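**Q**
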Amino acid sequence: MPSQLFSPIDLRGLTLPNRIVIAPMCQYSAVDGNANEWHLIHLGHMALSGAGLLMIEATGVEPEGRITPACLGLYSDENEAALAKVIATVREHGGTPLGIQIAHAGRKASVHVPWEGGQPLSEQDSAWKTVAPSALPFGDGWPEPRALGAVKMDALRDAFVATAERAARIGFDLIEVHAAHGYLLHEFLSPVSNHRRDEYGGSLENRMRFPLEVVASVRQVWPDQRPLGLRITGSDGVEGGLTDDDAVAFTRKLHELGCDYVCISSGGIAPGAFLASEPGYNVPIAAKIKSETDMAVRVVGQITEAIQAEDIIATGQADMVALARALLDNPRWPWHAAQALGAHLDYPPPYARSHPDLWPGAKLLHPELARGAKSG
Ligand SMILES: Cc1cc2nc3c(=O)[nH]c(=O)nc-3n(C[C@H](O)[C@H](O)[C@H](O)COP(=O)(O)O)c2cc1C
718 MPSQLFSPID
728 LRGLTLPNRI
738 VIAPMCQYSA
748 VDGNANEWHL
758 IHLGHMALSG
768 AGLLMIEATG
778 VEPEGRITPA
788 CLGLYSDENE
798 AALAKVIATV
808 REHGGTPLGI
818 QIAHAGRKAS
828 VHVPWEGGQP
838 LSEQDSAWKT
848 VAPSALPFGD
858 GWPEPRALGA
868 VKMDALRDAF
878 VATAERAARI
888 GFDLIEVHAA
898 HGYLLHEFLS
908 PVSNHRRDEY
918 GGSLENRMRF
928 PLEVVASVRQ
938 VWPDQRPLGL
948 RITGSDGVEG
958 GLTDDDAVAF
968 TRKLHELGCD
978 YVCISSGGIA
988 PGAFLASEPG
998 YNVPIAAKIK
1008 SETDMAVRVV
1018 GQITEAIQAE
1028 DIIATGQADM
1038 VALARALLDN
1048 PRWPWHAAQA
1058 LGAHLDYPPP
1068 YARSHPDLWP
1078 GAKLLHPELA
1088 RGAKSG
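Just so we're aligned, residue 718 is where the sequence shown starts under this note's numbering, counting upward by one.
(1) PRO741: beta carbon under 7 Å from a heavy atom of ligand 1?
(2) Check whether the segment 941-955 touches the segment 857-865, counting contact only when three or more Cβ pairs, one atom from each stretch, lie closer than 8 Å.
(3) Can you check whether the CB of GLY769 is closer than 8 Å to the CB of VAL748?
(4) Could you check which residue in MET742, SER746, PRO725 has the C-alpha nearest to that of ARG736?
(5) Tell me, which residues are paired with SER982 by DSSP?
(6) Among GLU795, ARG808, GLN721, which residue has its Cα nearest to the Cα of MET763?
(7) Please list, in chain order, all residues of the same chain as MET870 whose beta carbon is under 8 Å from its beta carbon, the five residues on each side excluded.
(8) Assuming LEU1058 contacts LEU722 (C-beta within less than 8 Å), just tell me the rounded distance between them.
(9) Since VAL935 contacts VAL878 with CB under 8 Å, what's their CB separation in whole angstroms?
(10) Could you spell out the range, first to last residue, of the alpha helix (DSSP H) harbouring LEU1086?
(11) Specify the secondary structure class of ALA897 as computed by DSSP and reduced to three states.
(12) Let me check you understand the geometry: is the CB of SER1133 closer than 7 Å to at least one non-hydrogen atom of ligand 1?
(13) Examine the Cβ distances between the segment 987-1000 and the segment 1045-1058 and report whether three or more of them are shorter than 8 Å.
(14) From TYR758 to ALA1079, what distance separates their C-alpha atoms?
(15) If you draw a straight line from the alpha carbon of GLY985 to that of HIS903, how long is it in whole angstroms?
(16) Under the three-state reduction of DSSP, which class applies to GLY1093: helix, strand or coil?
(17) Locate the alpha helix (DSSP H) running through ARG1042, then write down its first and last residues.
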């Protein structure tokens, strides 16, 4: 039986050569939102991994939408030129399709980079005023965000649209709107963070309204042949929060709007919410969404083994898997997964001499990769 993980998948006009996706990963290494040599090195080597899709990190649609001052942005001509330069080189040398995640961090913006503690910036650190659906801080010690009014909501929707237009000009193959991890669009969706009394709060239908308006507007400007997806939360994991049934309802609406996939993640709406860590912790939710909707489903979270990834796809629990830390740990994860699953993967020509078809040392180096064993 040929590997299902290494079978292609069509998303609108884009064919991914396999179902392994490198999850978006903030690098906290930009200056004024601009990509630089770090992004070139990081994305450059990820693009040689053999994955079916490389997602670029959460990219702010306005300066205040960045999580940290060092997060990537795509809100200015300067940002666009810097990212276009990096992407042109990555595309020239890496064969992997490229997607970008566009985001607004809402009340979780204006924090230090993780290796400086990840806590809210102080005024001396040039903290900025955050925004959210309601004036509710993320947690103890966090600043109170400004509740969004109609004018700023229109401006934010336009900011998502303008960033999508910039991403289209750069030539990204796919765009993903971030609506998970407790950031702005998730904050609208979740009753934990959305206490509004207008048509954007209250019922699930109302809480979905702003994210759906954003997605509909992005779909209008994003080229028709290129896929649009969302990262959504499968569960808030807190009392009174979003459930997997809410995720199903949201996914159905997204499908009606012409979205091409959802990526199922979870947690992040409140400090400590849903700190799951068991292998494949989002897979049961993804499987439910896949079985109850017509949407293509990607799943992320503690997927580390080739056999595990193959099983998720082959049993129809999801259509794609996304891996984050496993790819940081081992950017050749897809090579070794192909070896373990008996699939053929072309290597970049300058690396071809390390392919197991040409180099017996590959089998000595990874004896555990005999078909059916775990991957590197
Ligand atoms: C360094 C790092 C940066 C991340 N940045 C993002 C991001 O930009 N957008 C996002 O949706 N998730 C982000 N995540 C979460 C990952 O995409 C992924 O959902 C999470 O790490 C679970 O997958 P894993 O178990 O394969 O690491 C990040 C994770 C890591 C480790």
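No residue lacks a Cβ here, since even glycine has one placed at the ideal position from N, Cα and C.
This one's a predicted model, so the numbers in the text were calculated from it and none came from an experiment.
**A** With the structure as the only source:
(1) yes
(2) no
(3) no
(4) PRO725
(5) THR950
(6) ARG808
(7) TYR917, PHE927
(8) 6 Å
(9) 6 Å
(10) Counting along the chain, LEU1086 falls outside any alpha helix (DSSP H), and DSSP gives it neither H nor E.
(11) coil
(12) Missing from the structure shown is residue 1133; the chain here goes from 718 to 1093 and no further.
(13) no
(14) In the sequence under discussion, the amino acid at residue 758 is Ile, which differs from the Tyr named in the question. C-alpha separation (whole angstroms): 25 Å.
(15) 9 Å
(16) In this prediction, GLY1093 has a pLDDT of 42, which is less than 50 and means its spatial position is unreliable; what the coordinates show is noted afterwards. If DSSP states are grouped into helix, strand and coil, GLY1093 belongs with coil.
(17) 1042-1046
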